[in-house]
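Chemist: Here the working numbering is used: the sequence shown runs in plain steps of one and ends on residue 135. Got a structure for you, questions after.
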Amino acid sequence: MIARMHLNVLTLLILSYLQLILGDNLTKLKCSSLRKGQYRCDEPLIDPERQAADNCNEETRTSRVWCYPVENILCDGKVHNGSTRGFQMTVPCKWTNGKRFDTALLFSIFLGMLGVDRFYLGYSAIGTII
């Protein structure tokens, strides 16, 4: 515990010294420009009904998640402790058209030879050919 406190004090002293030398360039670092390994991000929240991310955008097929800079990272003018929100990142997600997987699977198993599953999923041209 004491060693951790000394590390935090030492980190703040080093950051203060660097800020004195570099001026505002040190505090102008944006959290969104951190490299991988300097932050961790939440996973997108999955809707159990659709089996897709709650906020998945249909056009871009992306979702926004919160990212947290790791402990003792200085960005956006403050030192983060690993649990403070730093920025939001856009991550890829799979768009499911709001259709349920289990319903499509049951249609495919029991009525697949009639193409009902294709109609359900919105592929009416393929459903008509079958």
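Beta carbons are placed, not taken as given, at the ideal position from N, Cα and C, and that holds for glycine.
Terminal residues of the continuous alpha helix (DSSP H) containing Arg140?
Modeler: Since the displayed the chain opens at 6 and closes at 135, residue 140 lies outside it and no answer follows.
Chemist: Is Pro74 buried or exposed, if buried means 16 or more other CB atoms sit within 10 Å of its CB?
Modeler: Its Cβ being crowded by 16 or more others within 10 Å, Pro74 is buried.
Chemist: Just tell me which of Val121, Lys41 and Asp59 has its CA closest to the CA of Gly103.
Modeler: Closest by alpha carbon: Asp59.
Chemist: Please classify Leu39 as buried or exposed, where buried requires at least 16 neighbouring CB atoms within 10 angstroms.
Modeler: So Leu39 counts as buried.
Chemist: Short of 6 angstroms in beta carbon distance, which residues of its chain neighbour Ile114, apart from the five on each side in sequence? Order them along the chain.
Modeler: Taken in chain order, the list of residues that qualify is empty.
Chemist: Going by other Cβ atoms of all chains shown within 10 Å of its Cβ, with 16 needed for buried, is Gly91 buried or exposed?
Modeler: That one is buried.
Chemist: Going by DSSP, name the residue or residues bridged to Met94.
Modeler: Partner(s): Val70.
Chemist: Just confirm the distance between the C-beta atoms of Lys98 and Cys61, as a whole number of angstroms; I'd bet it's less than 8 angstroms.
Modeler: According to the sequence as given, residue 98 is Cys; it is not Lys. Going by Cβ atoms, the distance from Cys98 to Cys61 rounds to 4 angstroms, so yes, they are a contact pair.
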